[in-house]
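K.L.:
Take a look at the following structure, please.
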Amino acid sequence: MHNFLAELIGTMILVLLGDGVVANVVLNKTKGQNSGWIVITMGWGVGVAIAVYAVGRISGAHLNPAVTIAMATIGSFPWAQVPGYIAAQMIGAFLGAVLVWLAYLPHWRETADPGSKLGVFSTRPAIHSAAANMICEIIGTAVLLFGILAIAANAQGVSKPGEVDLSWVFSRGLQPLLVGVLILGIGLSLGGPTGYSLNPARDLGPRLAHAVLPIPGKGDSEWGYSWIPILGPIVGGVAGAGLYALVGF
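As numbered in my numbering, residues 14 to 262 make up the sequence shown, in order.
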């Protein structure tokens, strides 16, 4: 239950801060309106880092079904725990989206564009092309998993002259921050085509919240696109983790 609760809370924090920065940028009459893509990617990077700091020592801070499935695929996580982790991540993502809705409650009515409202909750492609959108999500999530595993591996072997072991300082103190930087980098470099979901729970949980919450003029939840930010990250995550395991770094 501790792991379940940690994944729920961590994913809730991730979505609260991540979707929250999108709301601040795209909704009307906010203090951060029109502040741009760099602000969004910075917000997501910080959100991921804080979420990992919050629960990493408890559950490992997967916060993402693509991470959980990829880790199980390479034998680094028990398959028996995969369903529980994914359920916790989905619930946490939904709750995080509800908190964003509450935080920006007056601004939904002030925003006319239904696409902007949906964009707060879930990803939307800049150009609708199922194949291209899928490829982008696969590449981005492969980089995410390869990068996470590389950062974690470095954390186990960091020392300085005199062989003073700094691995705990690196893994507990710096590793979450570096994962946040990794998210920032992926967003800046690969986020343009699809909004870089990289995370089925991050997209599906808030999309469900968008569908059920009483948001004025919210429009369609675009379920026809929703399978891409679910399947693409899972495929990409397995590919990235598999590649890292294969090269044996």
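Each residue gets a CB set at the ideal place from its N, CA and C atoms; glycine is no exception.
1. In terms of alpha-carbon separation, which member of G204, A214 and M25 lies closest to V113?
2. Would DSSP call R137 helix, strand or coil?
3. Excluding the 5 residues flanking L217 on each side, which residues of the same chain have their C-beta closer than 8 angstroms to its C-beta?
4. Alpha carbon to alpha carbon, how far is A214 from P91? Give it in angstroms, no decimals.
5. Are the CB atoms of A62 and G193 nearer to each other than 7 angstroms?
6. By the three-class DSSP mapping on this structure, what secondary structure does D216 have?
7. Can you tell me which of G88, R122, G253 and A110 puts its alpha carbon nearest to the alpha carbon of W27?
8. Could you name the residues of the same chain whose beta carbon sits closer than 7 angstroms to that of V95, not counting the 5 residues immediately before and after it, in chain order?
9. Under 8 angstroms Cβ to Cβ from G45, same chain only, skipping five residues before and after it: list those, please.
10. Only counting the same chain, and skipping five residues up and downstream in sequence, which positions put a Cβ closer than 8 angstroms to that of L40?
11. Counting only runs of 4+ residues fully inside the stretch 91-157, write out the alpha helix (DSSP H) ranges in chain order.
12. How long is the line joining the alpha carbons of A67 and G58, rounded to whole angstroms?
13. Could you tell me whether the stretch 197-207 touches the stretch 144-157, where touching means 3 or more Cβ pairs closer than 8 angstroms?
14. I need the DSSP call for P174, collapsed to helix, strand or coil.
15. Mind checking D32: buried by the 16 CB within 10 Å criterion, or exposed?
16. Can you find the residues in the same chain that come closer than 8 angstroms, C-beta to C-beta, to I161, ignoring five residues on each side of it along the sequence?
17. In angstroms, rounded to a whole number, what distance separates the CA positions of A166 and K231?
18. Checking 7 angstroms against the spacing of the C-beta atoms, do A20 and S72 come in under that value?
19. With distance defined between alpha-carbon atoms, name the residue in L226, L197, A254 and R137 nearest to G60.
P.N.:
Taking the geometry as given:
1. Looking at the Cα atoms, M25 is the closest of the given residues.
2. R137 falls in the coil class under three-state DSSP.
3. So the qualifying residues of the chain are M103, A106, S135, S239, P242 and I243.
4. Distance between the alpha carbons of P91 and A214 is about 19 angstroms.
5. Yes, they are a contact pair.
6. If DSSP states are grouped into helix, strand and coil, D216 belongs with the helices.
7. Looking at the sequence provided, one finds Leu at residue 27 rather than Trp. Cα-wise, what sits closest to L27 is A110.
8. Only T81, I82 and A85 meet the Cβ criterion.
9. Listed in chain order, the non-local C-beta contacts of G45 below 8 angstroms within the same chain comprise V34, N37, V38 and V52, local neighbours out to five positions each way being set aside.
10. Once the five neighbours on either side are set aside, the close Cβ partners of L40 are Q46, Y117, H120, W121, E123, T124, S129, K130 and V133.
11. If we require 4 residues or more, the alpha helix (DSSP H) runs fully inside the stretch 91-157 come out as 95-116, 120-123 and 127-134.
12. Cα to Cα, A67 sits roughly 14 angstroms from G58.
13. A contact between stretches requires three or more CB pairs, one per stretch, nearer than 8 angstroms, and the stretch 197-207 meets this requirement with the stretch 144-157.
14. Residue placement at P174 is poorly supported in this model, since its pLDDT is 49, which falls under 50; the coordinates are not used for a value here.
15. For D32, the number of other beta carbons within 10 angstroms of its own is at least 16, and it is reported as buried.
16. Correct list, in chain order: V80, V192 and L195.
17. Rounded to whole angstroms, A166 and K231 show a C-alpha spacing of 44 angstroms.
18. The sequence given here has Glu at residue 20, not Ala. Cβ distance < 7 angstroms, so E20 and S72 count as in contact.
19. Closest option to G60, Cα to Cα, is L197.
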